[in-house]
Amino acid sequence: MNIEWYIVLSSLLFATGAVGIVIRRSPMVILLCLELMLNAGNLALVAFSREVGNQQGQVFALVVMVIAACEVVVGLGLIVAIFRRKLSLDVDDLSRLRG
Amino acid sequence: MEAVLFFLAAIGALGGAIGVVALQNPFYSVLALIAHLFSLAVLFLMLTSAFVAAAQVVVYAGAVMVLYVFVVAYVGGGGEPVGRDLPNQRFLAILVAGILFVELSAAVLSSALLALGTHGPDVKPGFGDPAAIGRLLLEKFLLPFEASSLVLLIAAVGAIVLAGRKRETA
Numbered sequence: 063m064n065i066e067w068y069i070v071l072s073s074l075l076f077a078t079g080a081v082g083i084v085i086r087r088s089p090m091v092i093l094l095c096l097e098l099m100l101n102a103g104n105l106a107l108v109a110f111s112r113e114v115g116n117q118q119g120q121v122f123a124l125v126v127m128v129i130a131a132c133e134v135v136v137g138l139g140l141i142v143a144i145f146r147r148k149l150s151l152d153v154d155d156l157s158r159l160r161g
Numbered sequence: 355m356e357a358v359l360f361f362l363a364a365i366g367a368l369g370g371a372i373g374v375v376a377l378q379n380p381f382y383s384v385l386a387l388i389a390h391l392f393s394l395a396v397l398f399l400m401l402t403s404a405f406v407a408a409a410q411v412v413v414y415a416g417a418v419m420v421l422y423v424f425v426v427a428y429v430g431g432g433g434e435p436v437g438r439d440l441p442n443q444r445f446l447a448i449l450v451a452g453i454l455f456v457e458l459s460a461a462v463l464s465s466a467l468l469a470l471g472t473h474g475p476d477v478k479p480g481f482g483d484p485a486a487i488g489r490l491l492l493e494k495f496l497l498p499f500e501a502s503s504l505v506l507l508i509a510a511v512g513a514i515v516l517a518g519r520k521r522e523t524a
């Protein structure tokens, strides 16, 4: 398969994740959609690494995976903290920090 | 053969992504994301990056998703909170995402990257296997590697601070 197919698939996945972030209001699902977008970026990185024929893009993809894991850990910690304080898990209600 | 495998994996990845966005129960969304991650691992294998594919399955689909399942079980699935949508919010979101998709594709495909229309260059058999990636990580990218380990440590401590129970005797 040509590399451009992978790139088009990656932008399609990225757009799907963006839709999820805009239309969902449960913070957990929003985190999942963030994962979708990060993975779309990963796919593009690996595809470009194959296109150039060197492996450094794969190292970038691994670093993105590490950052995604950190984001999941902190995000889920926040969700657990919100749940403990008996606040509602709805991003529209958690808007006190809004400017 | 390769095209069939690509389209199967692509349909799996896209179906998983749409499942994550569309399913109402967060537990099913997590399961859809796991299916999505497995399909992506197949795509990574087809791009001759065995180590990234293995890390995707073991670390991502294995460990990170278990964390999600635990938190969903703790918080309780429940449906989506009923909210105050903007008028036509869904339609507008899908429209904007469609524009984003067209724009991203046009930007990449109209760029001057000549090798985009090819399979990429022929690579040696060891391309992307754990030995090669490990050598890159420990030689060329040692500093980013150590920095990412530090970031992971800070994130773990931060999660404990955020989610841990407060001691009564402060």
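These protein sequences, in sequence, are chains C and P. Following the working numbering from start to finish, the first sequence increments by one per residue and tops out at 161. Following the working numbering from start to finish, the second sequence increments by one per residue and tops out at 524. In this text, a Cβ means the ideal position worked out from N, Cα and C, and glycines have one as well. Predicted model, so just to flag it, every value in this text is computed and none were measured.
Close CB contacts of C:D154 within its chain, under the 7 Å cut and outside five residues either way in sequence, are with R87 (chain order). Secondary structure note for P:G482: it is in no alpha helix (DSSP H), with a DSSP letter that is neither H nor E. According to the DSSP assignment, P:G518 belongs to no alpha helix (DSSP H), since it is labelled neither H nor E. When the five nearest sequence neighbours on each side are left out, the beta carbons in the same chain lying within less than 7 Å of the beta carbon of P:G370 are those of A386, L387, A389, H390, S393, in order along the chain. Residues of the segment 489-522 of chain P whose Cβ lies closer than 7 Å to any Cβ of chain C, in chain order: L490, L491, F495, P498, S502, V505, L506, A509, A510, G512, A513, L516, A517.
Cα atoms of P:A460 and P:F398: separation of roughly 23 Å, rounded to the nearest angstrom.
For the 7 Å CB-CB criterion, C:L140 and P:L516 form a contact. Under the Cβ distance rule, C:R158 does not count among the residues neighbouring chain P, no pair being separated by less than 7 Å.
When the beta-carbon positions are compared, C:L100 and C:G119 stay at least 7 Å from each other.
If you check the CB distance, P:P479 and C:G115 do not come in under 7 Å.
Taking a beta-carbon distance threshold of 7 Å, P:G416 does not count as an interface residue toward chain C. Residues F405 of the same chain have their beta carbon placed closer than 7 Å to that of P:I487, with the five preceding and five following residues left out of the count. Secondary structure of C:Q117 (DSSP, three-state): coil. The three-state secondary structure of P:P475, taken from DSSP, is coil.
P:L385 is outside the set of residues whose beta carbon lies under 7 Å from a beta carbon in chain C.
Interface criterion met: the Cβ of P:F360 is under 7 Å from a Cβ in chain C. In the three-state reduction of the DSSP assignment, P:R489 falls in the helix class, which pools H, G and I. Interface criterion not met: the Cβ of P:P479 is under 7 Å from no Cβ in chain C. Listed along chain C, the residues sitting closer than 8 Å to P:A357 by beta-carbon distance are M63.
The residue among P:A485, P:Y414, P:V358 with its C-alpha nearest the C-alpha of P:S403 is P:A485. The continuous alpha helix (DSSP H) containing C:T78 extends over residues 65-85.
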